[in-house]
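Student: I'd like to ask some things about the structure below.
Protein chains in written order, with our numbering: chain A, 2 to 207; chain B, 245 to 450.
Structure (C-alpha cells):
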C-alpha cells in the first residue's frame, strides 16, 4: 500500500502541470517560489468557468485619482507583463538576484499579493529614513567617501493595483531620486488587477 | 453673500469633478472620427460598476490560449489605452480588430475595423488587397512597404495570440516593425480599466 502511494505521489510530482488545462505559456504551467517561508506554486486557476469577482472586477474608477497610466514610465525603465513577471520570479527571485515589490498600502498587500512580493507602500516615498533603509535592503551600500555604491543593487519589479494606479510611479520616482539604477527597475503596469484577471495565484497574509 | 455663493459653487463643482471617471486628469472623453462616423471614447459612469460579461473569465483553456509576452517583437511597440487613444485622435493609421467577425459584431473598440487575423497568415488575394489599401505595393511578387500606413492591432486580451500571430506573419513578408503597434491588453483590459465598448447596430433587415 505504501509503495503504491509513494509511486502515485512520485508520478504526480513528475507530471505536475503537464496536464494543466490552463497554462501560463506554452512551455510553462507553474513556478514555485518562497513567500514568507512557505513554498507557493504560482499557476492559473484551472476552472475555465471561473469569473473575476470582487474588488478587481470593478470597472468604475474615479479620475482624478485613478487615471489611466501611460504604457511606459520613462524610456529607461522597461514595462513588462505577466509572462515576464513569472520568469523574473523563476530566474531572479529564486536565485536571490531580484525582488518583486508591491507598492500598495499594507492593508491591500495583506489581503492578497503576488507570491514572493515584499511590501514597500508608496507612502514611504517621502520618508527619507525609510527610503535609506529600503535602499540598504535592496543592496545599495555606502562607499567610504560617503557616495552610494549601486553595484550590488538587485533587480526589482514594481507594481501596484492596476493600469489606473500611479503608486508604482511614485515609488519608482523616489528610488530614482535616491540614485537607484534605472536599468535594474522594471515596471509591471498591469498590476494586481491584470494578474488576477488571468487567474494567477495570489497569497494572503494572515 | 457673493463669497458664500462662490464657495457653494466651488464646492458643487468639486463634487462634480470628483464624481467623474475621467480618462486622465486632462481628458474626460475623446471624440474620434473614422470613415465619417463619430465615436466617443470614455470610461463608464457611476461608482459601483463591475465587469460580469465573458471578459471577466480568468482561465481560457490552453491550447490555444496562453498569456502573451509583453512584446511581439523588438521593433513593434506595445501600446496601452492612452497610446491607442492618441493613435486614433492623431489619425496615425489603421486600428485593426484582428478577431473573428462574430466577436467584432458583438462588441469592439470604437474606431476599429475588423480584419480577422487569419487573412494575414497566408498568401492570398484578400490579404494582398488589404495591404495595397494600406499603401503597400507588390511588383513581380515582391512587396514594397516604403509608403505603407501604420497599423495598430488588438484582439481579445493578453491571453489572445491572434493579433501577435498576424503581426509575426506581416514581419515575415517584410512589413516594417516600426509601422506596427500591438495593443496587448485588448478588449478585455479595455473594459477592465473602465472603458465602454462599441456595440455595432445591426443593420435593419430589408
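Think of the CB as a built atom: it goes at the ideal place given N, C-alpha and C, for glycine as much as any other residue. Remember, it's a predicted structure, so these values are computed and weren't measured experimentally.
1) Restricting to Cα atoms, I'd like to know which of 410/B, 418/B and 305/B is closest to residue 382/B.
2) Would you identify the three-state DSSP class for residue 371/B, choosing helix, strand or coil?
3) By DSSP, does residue 425/B sit in helix, in strand, or in coil?
4) With 9 Å set as the bound, which would you pick, yes or no: does the beta-carbon of residue 153/A sit closer than that to a beta-carbon of chain B?
5) Which term fits residue 443/B, buried or exposed, when burial requires 16 or more other beta carbons within 10 angstroms of its beta carbon?
6) Nearest CA to the CA of residue 22/A: which residue from 45/A, 183/A and 133/A?
7) Can the beta-carbon of residue 395/B be found less than 9 Å from the beta-carbon of residue 317/B?
8) Comparing alpha-carbon positions, which option in 301/B, 295/B, 293/B and 294/B lies nearest residue 52/A?
9) Enumerate in chain order the residues of its own chain whose CB-to-CB distance from residue 131/A is below 8 Å, with the five nearest sequence positions on each side excluded.
10) What do you reckon, is the C-beta of residue 415/B under 8 Å from a heavy atom of the ligand HEM?
11) Over what stretch of residues does the alpha helix (DSSP H) that includes residue 407/B continue unbroken?
12) So, with DSSP's three-state summary, where would you put residue 99/A?
13) When DSSP labels each residue in this structure, what does residue 220/B get in the three-state scheme?
14) Taking only beta-carbon positions, decide if residue 319/B is within less than 9 Å of chain A.
15) Please name the residue, chosen from 71/A, 137/A, 147/A and 194/A, that lies closest to residue 114/A on a Cα-to-Cα basis.
16) For residue 341/B, is the classification buried or exposed, using 16 other Cβ atoms within 10 angstroms of its Cβ as the cut-off for buried?
17) Short check: CB of residue 48/A to CB of residue 303/B, under 9 Å?
18) Taking contact to mean 3 or more Cβ pairs, one atom from each stretch, closer than 8 Å, check whether the region 81-100 of chain A and the region 270-280 of chain B are in contact.
19) At a cut of 8 Å, does the region 175-195 of chain A reach the region 156-166 of chain A through at least three beta carbon pairs?
20) Against chain B, does residue 60/A count as a neighbour if the rule is that its beta carbon must be under 9 Å from one of theirs?
21) Quick check on DSSP: helix, strand or coil for residue 192/A?
22) Got a sec: is the Cβ-Cβ distance from residue 436/B to anything in chain A below 9 Å?
23) Would you say residue 32/A reaches chain B, if we count a Cβ-Cβ gap shorter than 9 Å as a contact?
24) Below 8 Å on C-beta distance, what does residue 314/B contact in chain A?
25) Residue 173/A versus chain B: which residues are under 7 Å apart at the beta carbon?
26) Show which residues of chain B have a CB atom less than 7 Å away from the CB atom of residue 194/A.
27) Could you tell me the distance, in whole angstroms, from the CA atom of residue 327/B to the CA atom of residue 7/A?
28) Per the contact definition of three or more C-beta pairs closer than 8 Å, is the region 307-315 of chain B in contact with the region 360-371 of chain B?
29) State the DSSP-derived secondary structure class of residue 288/B, mapped to helix, strand or coil.
30) Look at the Cβ atom of residue 135/A, then the Cβ atom of residue 118/A, and state whether they are nearer than 9 Å.
Tutor: Taking the structure as given:
1) Nearest to residue 382/B by C-alpha distance, out of 410/B, 418/B and 305/B, is 418/B.
2) Residue state, collapsed to three classes: helix.
3) Under the three-state reduction of DSSP, residue 425/B is assigned to strand.
4) No, no contact with chain B.
5) Exposed: under 16 other Cβ atoms inside 10 Å.
6) Looking at the Cα atoms, 45/A is the closest of the given residues.
7) Their beta carbons are not under 9 Å apart, which means residue 395/B does not touch residue 317/B by this criterion.
8) Distance check between residue 52/A and each of 301/B, 295/B, 293/B and 294/B places 301/B closest, using alpha-carbon atoms only.
9) Here the set comprises 125.
10) The model on display carries no ligand, and the ligand HEM is accordingly not part of it.
11) Run containing residue 407/B: 406-416, per the alpha helix (DSSP H) assignment.
12) Of the three classes helix, strand and coil, the one that applies to residue 99/A here is strand, per DSSP.
13) A question about residue 220/B goes unanswered here, because the residues of chain B that appear run from 245 up to 450.
14) No, its Cβ sits nowhere closer than 9 Å to a Cβ of chain A.
15) Minimum Cα distance to residue 114/A is reached at 194/A.
16) Buried is the label assigned to residue 341/B, since at least 16 other Cβ atoms lie within 10 Å of its Cβ.
17) In this structure, residue 303/B lies closer than 9 Å to residue 48/A by Cβ.
18) These segments do not touch.
19) Cβ pair count under 8 Å is three or more, so yes.
20) Judged by the 9 Å Cβ criterion, residue 60/A is in contact with chain B.
21) Assignment of residue 192/A by DSSP, reduced to helix, strand and coil, places it in the helix class.
22) Closer than 9 Å: yes.
23) Output row for residue 32/A: interface = no.
24) Neighbours of residue 314/B in chain A, taken as residues whose beta carbon is under 8 Å from its own, are 80, 81, 82, 84 and 85 in chain order.
25) None at all; the shortest Cβ gap to chain B is about 16 Å.
26) Within 7 Å Cβ-Cβ: 436.
27) About 54 Å.
28) Contact between the region 360-371 of chain B and the region 307-315 of chain B is absent, because fewer than three Cβ pairs lie under 8 Å.
29) Three-state result, residue 288/B: coil.
30) The answer is no: Cβ separation not under 9 Å.
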